[in-house]
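What follows is a short report on a single structure.
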Amino acid sequence: MTRHPLSTLACALLLALAIAPASQAQNQSQNQDANAPILVEADRLDLDDRAGTAVYTGNVDIRQGSMRLTGNRVEIRRNAAGELSLATATGERAYLEQQPDPAEPVVKGWGRTVIYHVAERRVELIDRAELHQGGDTFEGGYLEYFLDRRVVQARADAEGVEGSQRIRMTLQPEQQ
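Counting with mature numbering (1 follows the signal peptide of the UniProt record, and there is no 0), you get residues -25 to -1, 1 to 151 for the letters of the sequence shown.
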């Protein structure tokens, strides 16, 4: 049976978005996501296999296991080797979430633009950006989240940000 390029692209997107495992439990969680069915809903799809792009538009909702990516428009790009290189979701409140481990809370991110750089395992949340990790929250014009290191960098203004949006953080004390 030949796999359609669209299903290969959707699989690549959702597999690549999974947070890298740092423990056995995280590895099991990632495998559960990878083995879960992929559900894609959109009003329209424009697929250009030669250019390596797929553009979903109209209330896009992509899910696999604990992973979810939504936006008014989601563009997926592949490199020359056919591997996912970039996923960009845009909309009034584009959204990305994933539960890295069953024992950990869901990581949630919003922005008018959400960009996932696959090779760097880095997420950019741009304009009205917001990131939630458990009880900790980060808000501002631009948030950059490094998945493997769980590092957040924030700026009040950056390219693509309307005006200056001050950084706000709420950090919960660690439980003893």
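Note that beta-carbon positions come from the ideal geometry of N, C-alpha and C, so glycine has one too.
Straight-line gap, residue i to residue j (C-alpha atoms, nearest Å)
{"i": "residue 108", "j": "residue 81", "result": "7 Å"}
{"i": "residue 39", "j": "residue 67", "result": "23 Å"}
{"i": "residue 179", "j": "residue 145", "result": "Absent from the structure is residue 179, since the part of the chain shown begins at -25 and ends at 151."}
{"i": "residue 50", "j": "residue 150", "result": "40 Å"}
{"i": "residue 113", "j": "residue 24", "result": "37 Å"}
{"i": "residue 60", "j": "residue 91", "result": "8 Å"}
{"i": "residue 13", "j": "residue 54", "result": "22 Å"}
{"i": "residue 121", "j": "residue 18", "result": "31 Å"}
{"i": "residue 98", "j": "residue 105", "result": "12 Å"}
{"i": "residue 69", "j": "residue 46", "result": "4 Å"}
{"i": "residue 21", "j": "residue 56", "result": "20 Å"}
{"i": "residue 87", "j": "residue 103", "result": "7 Å"}
{"i": "residue 63", "j": "residue 93", "result": "11 Å"}
{"i": "residue 95", "j": "residue 123", "result": "9 Å"}
{"i": "residue 131", "j": "residue 142", "result": "6 Å"}
{"i": "residue 34", "j": "residue 10", "result": "25 Å"}
{"i": "residue 58", "j": "residue 79", "result": "29 Å"}
{"i": "residue 138", "j": "residue 26", "result": "34 Å"}
Identity of the residues DSSP links to residue i by a beta bridge
{"i": "residue 100", "result": "89, 118"}
{"i": "residue 21", "result": "30"}
{"i": "residue 35", "result": "46"}
{"i": "residue 155", "result": "Residue coverage of the chain in this structure runs from -25 to 151, which leaves residue 155 outside it and unanswerable."}
{"i": "residue 129", "result": "118"}
{"i": "residue 142", "result": "Residue 142 is not bridged to any residue."}
{"i": "residue 105", "result": "85, 114"}
{"i": "residue 78", "result": "In DSSP, residue 78 forms no bridge with anything."}
{"i": "residue 58", "result": "Answer is none; residue 58 lacks a bridge partner."}
{"i": "residue 72", "result": "43, 83"}
Among the options, nearest to residue i - alpha-carbon criterion
{"i": "residue 89", "options": "101, 96, 56, 79", "result": "101"}
{"i": "residue 111", "options": "126, 97, 86", "result": "126"}
{"i": "residue 77", "options": "93, 41, 138, 48", "result": "41"}
{"i": "residue 30", "options": "119, 52, 124", "result": "52"}
Neighbourhood of residue i by C-beta, 6 Å cutoff - its chain only, sequence neighbours within 5 removed
{"i": "residue 16", "result": "36"}
{"i": "residue 71", "result": "44, 84, 89"}
Beta carbon proximity, residue i to chain C, threshold 7 Å
{"i": "residue 105", "result": "Protein chain content of the structure displayed is limited to a single chain, and chain C is not contained in it."}
8 Å contact criterion, which residue i and residue j should meet: CB distance rounded
{"i": "residue 153", "j": "residue 115", "result": "Residue 153 lies beyond the range of the chain shown here (-25 to 151); nothing can be said about it."}
{"i": "residue 48", "j": "residue 28", "result": "Their Cβ separation, rounded to whole angstroms, is 12 Å, which puts residue 48 and residue 28 out of contact at 8 Å."}
Close beta carbons around residue i, own chain, < 7 Å, minus the five adjacent residues each side
{"i": "residue 118", "result": "100, 104, 106, 127, 129"}
Beta-carbon proximity list for residue i, same chain, < 8 Å, skipping 5 on both sides
{"i": "residue 133", "result": "101, 116, 117"}
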